[in-house]
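Only one structure is covered here, and it is reproduced in the block below.
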Amino acid sequence: MRSGFKLNFSMGLLLLLGLVQADPDPLQDYCVADTNGPTPVYMNGPPCLDPELAFPSHFATSALSKPGNTSANSFGFSVILTNTQNLPGHHTQGLTMGRIDIAPNGLVPPHSHPRASEVTICLMGEILVGFVDTSNRQYTQQLRPAFTSKPPLPDEVLEKAFKITGQDIARIRRNLGG
Numbered sequence: 006m007r008s009g010f011k012l013n014f015s016m017g018l019l020l021l022l023g024l025v026q027a028d029p030d031p032l033q034d035y036c037v038a039d040t041n042g043p044t045p046v047y048m049n050g051p052p053c054l055d056p057e058l059a060f061p062s063h064f065a066t067s068a069l070s071k072p073g074n075t076s077a078n079s080f081g082f083s084v085i086l087t088n089t090q091n092l093p094g095h096h097t098q099g100l101t102m103g104r105i106d107i108a109p110n111g112l113v114p115p116h117s118h119p120r121a122s123e124v125t126i127c128l129m130g131e132i133l134v135g136f137v138d139t140s141n142r143q144y145t146q147q148l149r150p151a152f153t154s155k156p157p158l159p160d161e162v163l164e165k166a167f168k169i170t171g172q173d174i175a176r177i178r179r180n181l182g183g
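If you count by the working numbering, then the sequence shown holds residues 6 to 183, one letter each, in order.
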């Protein structure tokens with residue numbers, strides 16, 4: 006009787022452990038979204054183009070290059086996001102990029118990103134960014150435009166890593182405030 010219980014318990018435990026899994030690996034390296042028309046089969050997003058038909062232009066976008074209209078809402082901000090229409094090569098990559106333009110005294114309301122992260126880079130002005138963790142602790146940081154580290158990275162490291170000259174580094178630091 007006791008050995009039967011142990012066997013049943015062990016089998017049940019193994020069965021439960023077999024059901025617990027991480028996200029599966031993708032079936033392919035990338036999926037360029039085929040946005041040319043409706044698909045006859047319901048799918049979670051558009052179907053993929055044949056990889057042989059993919060072009061470098063599928064992996065680049067100019068959608069984030071122009072400022073948005075910050076007067077379009079009462080909060081004084083504009084969000085422009087990449088999607089399968091303006092960046093078809095990012096389909097299934099688990100990545101979304103966005104541009105947020107904020108008017109002086111504008112506000113981006115508190116929001117959440119389930120199973121996602123957010124990276125913020127300030128290009129002009131100053132912004133206060135932050136988050137609240139699950140214990141309701143708030144973390145904030147004032148961001149200013151800059152491209153620097155303390156202590157600064159040696160020019161030799163940047164020259165070798167990015168295959169650029171000392172003049173290029175000086176120009177980048179001058180333009181980005183670093």
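We put the CB at the ideal spot given by N, CA and C, even for glycine.
Exposed unless 16 or more other CB atoms sit within 10 angstroms - verdict on residue i
i   : result
P93 : buried
L54 : buried
S83 : buried
Of the residues the options, the one placed nearest residue i, counting alpha carbons only
i    : options                : result
Q147 : P157, N141, F136       : F136
G50  : C36, H63, E57          : C36
N88  : H96, K71, E164         : H96
T139 : D173, D160, G17, P119  : P119
A4   : G130, N110, P114, M102 : Only positions 6 to 183 of the chain appear in the structure, and residue 4 is not among them; the question remains open.
A77  : I105, A59, F60         : I105
M131 : Q143, H116, P109, P159 : The residue asked about is misnamed: residue 131 is Glu in this sequence, not Met. The shortest C-alpha separation from E131 is found at P109.
T145 : D160, E161, P115       : P115
Supposed close pair residue i, residue j - CB separation, criterion 8 Å
i    : j    : result
P52  : D39  : 5 Å
L112 : F80  : 5 Å
L133 : P150 : Between P150 and L133 the Cβ distance is about 14 Å, and since that is not below 8 Å, they are no contact.
L100 : I85  : 15 Å between Cβ atoms; not a contact.
I174 : E164 : 7 Å
T75  : I107 : 7 Å
N91  : T66  : 5 Å
As assigned by DSSP and simplified to three states, the class of residue i
i    : result
I105 : strand
L128 : coil
G148 : It should be noted that the sequence gives Leu, not Gly, for residue 148. DSSP places L148 in strand when its eight states are reduced to three.
V84  : strand
F136 : strand
Q33  : coil
Q172 : helix
A166 : helix
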